[in-house]
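The structure under discussion appears below in the form of structure tokens.
In the numbering used here, the protein residues as written are 41 to 387.
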């Protein structure tokens, strides 16, 4: 692509898209995605804190809050909205299924599937002015559960692992490694503690059940509530699980899930095996920290190779790399330009 054509596309297309320093992705005049801006419609791609940021401001300002049905339920279950604003979430919340269309002032919005956490969605917007098509990936892993948005004028992509050095060659082996460590911990201690953020807890539970582990899960109160919703309303199946305050006895041992931040206070007294699930890039699939602790690299983000592959498959006219959530945006920009894609970073 010629430099002149690329510069022209920057100028024309960037009149309609922006990424703010607070993480808000702006498309057209109506939609603010994954962050607050004074727009009539707030869109949320998934129920992680950095994407639900300032949701209460949006509830007070915006006319609609659009998210997948699962995401809206998780926002409430995980207490991202205070109890006094919960009625606003119910009245302004718009549960949008995948490939169902939401229209506002002539602009049309559609969700595409994304493999990240339950309820995750990508966003496709068709603007009324000039039929411009803009897609935003949100956070994703590139698997057969992630749709590719094609035929785009502008693709806005995440860049968590945007550095060319961040290739996770071992990613396919992680589920079996996690299963093996848990089996070993149950055999030796009868109790395994797993530290993770809520979306990763559900992923780990699914992996362990698929690996044949039947021991009960002990969950924090809010995660228990969210898990119950996923099972009862959306058909997920996590086997036996209980709240932390429930009395539980099991001949198969127990798997206790705790919030990631509590790993610093773990008891290294031989009463259990500790497994910390990290989404940070690591060179090795797992690391033994001490006699009782392993750190396992279980990520729900596309690595560098998959970020590039997504863009190549989507083949947009302009790529905007979200620089508000990652320090690797400039690396990804350079790699995409090298491959012939007209690319910029915002903000």
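Yeah, the Cβ is synthetic: ideal placement off N, Cα and C, and Gly gets one too.
By the 10 Å Cβ neighbour count, where 16 or more other Cβ atoms means buried, how is residue i classified, buried or exposed?
i, result
"residue 137", "exposed"
"residue 380", "exposed"
"residue 280", "exposed"
"residue 131", "exposed"
"residue 79", "buried"
"residue 193", "buried"
"residue 88", "buried"
"residue 318", "buried"
"residue 320", "exposed"
"residue 124", "exposed"
"residue 303", "buried"
"residue 270", "buried"
"residue 139", "exposed"
"residue 83", "buried"
"residue 164", "buried"
"residue 191", "exposed"
"residue 114", "buried"
"residue 92", "buried"
"residue 298", "buried"
Indicate the three-state DSSP secondary structure (helix, strand or coil) for residue i in the structure shown.
i, result
"residue 115", "helix"
"residue 171", "coil"
"residue 157", "coil"
"residue 67", "strand"
"residue 150", "strand"
"residue 298", "strand"
"residue 328", "strand"
"residue 271", "helix"
"residue 265", "helix"
"residue 322", "coil"
"residue 141", "strand"
"residue 94", "coil"
"residue 235", "strand"
"residue 179", "coil"
"residue 289", "coil"
"residue 246", "helix"
"residue 203", "coil"
"residue 121", "coil"
"residue 133", "strand"
"residue 309", "coil"
"residue 278", "coil"
Compute the beta-carbon to beta-carbon distance between residue i and residue j, rounded to the nearest angstrom, for a pair I have assumed lies under 8 Å.
i, j, result
"residue 386", "residue 59", "4 Å"
"residue 233", "residue 314", "5 Å"
"residue 266", "residue 117", "4 Å"
"residue 155", "residue 183", "5 Å"
"residue 288", "residue 253", "Actually they do not touch by this definition, with Cβ atoms about 16 Å apart."
Among the options, which one has its Cα closest to the Cα of residue i?
i, options, result
"residue 221", "251, 81, 238", "251"
"residue 243", "337, 148, 198", "337"
"residue 282", "258, 68, 294", "258"
"residue 54", "172, 210, 348, 205", "172"
"residue 160", "185, 143, 146", "185"
"residue 231", "256, 207, 208", "256"
"residue 360", "44, 45, 62, 66", "66"
"residue 3", "155, 325, 247, 198", "Outside the displayed span of the chain (41 to 387) sits residue 3, for which this structure offers no information."
"residue 330", "293, 318, 310, 106", "310"
"residue 333", "90, 350, 319, 306", "306"
"residue 153", "68, 166, 187, 124", "187"
"residue 102", "81, 85, 363, 223", "81"
"residue 325", "215, 68, 46, 56", "215"
"residue 166", "84, 69, 91", "69"
"residue 63", "364, 378, 195, 384", "364"
"residue 133", "99, 261, 289, 164", "99"
"residue 308", "229, 278, 209", "229"
"residue 56", "45, 85, 277, 168", "168"
"residue 371", "209, 61, 204, 94", "204"
"residue 348", "383, 328, 327, 322", "383"
"residue 119", "213, 104, 261, 83", "261"
"residue 292", "248, 227, 362", "227"
"residue 323", "209, 46, 51", "209"
"residue 189", "350, 95, 46", "350"
"residue 277", "144, 249, 45", "249"
Is the beta carbon of residue i sitting closer than 7 Å to the one on residue j?
i, j, result
"residue 129", "residue 121", "yes"
"residue 157", "residue 275", "no"
"residue 162", "residue 344", "no"
"residue 366", "residue 200", "yes"
"residue 296", "residue 316", "no"
"residue 225", "residue 369", "no"
"residue 340", "residue 211", "no"
"residue 373", "residue 49", "no"
"residue 76", "residue 97", "yes"
"residue 109", "residue 127", "no"
"residue 142", "residue 106", "yes"
"residue 263", "residue 245", "no"
"residue 354", "residue 195", "yes"
"residue 151", "residue 235", "no"
"residue 294", "residue 247", "no"
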